[in-house]
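Here is the structure we will look at.
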Amino acid sequence: MIEFHSPLAFGLLLIVAAVFLFRTRIRRAGLRFSWLGVFDRIPQSLRSRLMPLPAVLRALCLALLVVAAAGPREGVSISNISIDGVAMELVVDRSGSMNEKMIYKGEELSRFEAVKLVLEDFITSRTDGLEAGSGDLLGLVTFARYPDTVCPLVRNHSILVEFLKQTNTVRLRSEDGTAIGEAIALAAARLHSAEQEINKANAEQSGTDSHTPPEFTIKSKAIVLLTDGINNQGQISPQEAAEMAADWGIKIYAIGIGSGSVRVMDQFTIPGAAQLDETLLNSIAQETGGFYARADDAEQLKAVYERIGELEKSEIKSLEYNDYNEKFLPWAAAALAVLLAEIILSNTVLRKSP
Numbered sequence: 035m036i037e038f039h040s041p042l043a044f045g046l047l048l049i050v051a052a053v054f055l056f057r058t059r060i061r062r063a064g065l066r067f068s069w070l071g072v073f074d075r076i077p078q079s080l081r082s083r084l085m086p087l088p089a090v091l092r093a094l095c096l097a098l099l100v101v102a103a104a105g106p107r108e109g110v111s112i113s114n115i116s117i118d119g120v121a122m123e124l125v126v127d128r129s130g131s132m133n134e135k136m137i138y139k140g141e142e143l144s145r146f147e148a149v150k151l152v153l154e155d156f157i158t159s160r161t162d163g164l165e166a167g168s169g170d171l172l173g174l175v176t177f178a179r180y181p182d183t184v185c186p187l188v189r190n191h192s193i194l195v196e197f198l199k200q201t202n203t204v205r206l207r208s209e210d211g212t213a214i215g216e217a218i219a220l221a222a223a224r225l226h227s228a229e230q231e232i233n234k235a236n237a238e239q240s241g242t243d244s245h246t247p248p249e250f251t252i253k254s255k256a257i258v259l260l261t262d263g264i265n266n267q268g269q270i271s272p273q274e275a276a277e278m279a280a281d282w283g284i285k286i287y288a289i290g291i292g293s294g295s296v297r298v299m300d301q302f303t304i305p306g307a308a309q310l311d312e313t314l315l316n317s318i319a320q321e322t323g324g325f326y327a328r329a330d331d332a333e334q335l336k337a338v339y340e341r342i343g344e345l346e347k348s349e350i351k352s353l354e355y356n357d358y359n360e361k362f363l364p365w366a367a368a369a370l371a372v373l374l375a376e377i378i379l380s381n382t383v384l385r386k387s388p
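The opening residue of the sequence shown carries number 35 in our numbering; numbering runs sequentially from there.
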């Protein structure tokens, strides 16, 4: 949109108009005739009709200079958005015991399926109000006997949701178990190298169009660990993994899922006994500055994730400013062109006799 830096300059147009009217009303001295009707019969030539043109061009030149002096410019609003966000690894137990039943919204599901639905809501909530690819840096690690990176750290959460939907509990007994320590270690290593990924992404997006997602910097790192069992596999203990995470400034939020009435049936548990090492989970959470919470049903689980979401929030910074493209030059050039035309006409075809 065109606007003017010095709109008060338009007051000069009144002076230009006054001078023009004054000069056009000045009558030159002439011969006295008792009757002028005889001149009405004399046809006017084109040259005589164009004689006022130089005065009009001179006034137009001054008017154009006034517009140029007013400082016409076109303003473009620019928004520079940056996000101080959260890098978070969602670490989920997918051992055989996660097939135990749980009620979610009135429907009986396996624990794992209920967890997937709760996680999907949690992931989606962290993108609300942001364009695609502008959310927190989230990744997914699942574990049983071995940990696996299901989805690397991404800002496009729709990708993460699709990976989450495709995950399942282990099917082979040879894959079953609960390697909590190694799962934490893998997630911590991913988060430790997250800055390199972000710097690469920011470098790739620099210089691209205005639809590029906002620049992202990591404000905090967190692991959200969910399990229903005890650590019984792996070479790295949960305590060692927690110390590693603490050294790297990574918080661990631990969630224990299940209740004392649950029957856990796998090769590592005793039938009829619920195994959930809450002392361990609380210890590793406290070691890293996080917390431990227990969820006996899906509603409690959802509340825990919401609590974590409130603690780990991104800060969106928006700087808006106007960038102006000055437009006075075309008006000044037009004034010069009109002035040259007036000078040429006044000294050639429309030159007045002395």
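Cβ coordinates follow ideal geometry from the N, Cα and C atoms, glycine included.
Three-state secondary structure (DSSP) at residue i?
i	result
Phe38	strand
His245	Confidence is the limiting factor: at His245 the pLDDT is only 48, short of 50, which leaves the residue's position unreliable, though a coordinate-based value still follows. Looking at His245 - three-state DSSP - the assignment turns out to be coil, as it is neither helix nor strand.
Glu346	coil
Val204	coil
Met85	coil
Arg160	coil
Thr251	strand
Leu155	Residue identity check: residue 155 is Asp in the sequence provided, not Leu. Helix, per DSSP.
Leu310	coil
Leu124	strand
Glu333	helix
Asn359	strand
Phe44	helix
Ser352	Any reading at Ser352 needs caution, since the residue's pLDDT is 48, under 50, leaving its predicted position unreliable; the model's value is listed next. Ser352 falls in the strand class under three-state DSSP.
Gly215	helix
Pro305	With a pLDDT of 41 at Pro305, under the threshold of 50, the modelled position of that residue is not reliable, and no figure is offered here.
DSSP beta-bridge partners for residue i?
i	result
Asp182	Thr176
Arg224	The partner list for Arg224 (beta bridge, DSSP) is empty, contrary to what the question assumes.
Asn381	According to DSSP, Asn381 bridges with nothing at all.
Glu209	Per DSSP, none; premise fails for Glu209.
Glu142	Ile137
Tyr326	Ala288
Arg107	Glu37 and Glu360
Val188	Leu172
Gly130	DSSP lists no partner for Gly130.
Indicate whether residue i and residue j have their beta-carbon atoms separated by less than 9 Å.
i	j	result
Ala369	Ala52	no
Ile252	Glu229	yes
Asp127	Ile270	no
Leu225	Lys255	yes
Ala288	Asn316	yes
Ser129	Lys135	no
Gly343	Ser192	no
Glu360	Pro106	yes
Ile257	Ile291	no
Val204	Arg179	yes
Ala97	His39	no
Leu187	Ile157	no
Leu99	Ala371	no
Val184	Thr212	no
Arg341	Ala327	yes
Pro181	Ala221	yes
Tyr339	Asp155	yes
Fill in: Three CB pairs or more closer than 8 Å across the segment 120-140 and the segment 82-101
Touching, no, given that fewer than three Cβ pairs across the two stretches are closer than 8 Å.
Worksheet item: Would you call the segment 316-335 and the segment 270-280 in contact, with 3 or more CB pairs under 8 Å?
Response: yes
Discussion item. Is it the case that the segment 253-268 contacts the segment 311-319, given that we only count it when at least three CB pairs across the two stretches are under 8 Å?
Written reply: Cβ pair count under 8 Å is three or more, so yes.
Fill in: Complete runs of the beta strand (DSSP E) confined to the segment 251-292 [at least 3 residues]
Runs of beta strand (DSSP E) with 3 or more residues, each lying fully within the segment 251-292, are found at 284-291, listed in chain order.
Discussion item. For the structure I just gave you, are there three or more beta carbon pairs, one from the segment 169-179 and one from the segment 118-126, closer than 8 Å?
Written reply: Counting Cβ pairs under 8 Å, three or more are found: they touch.
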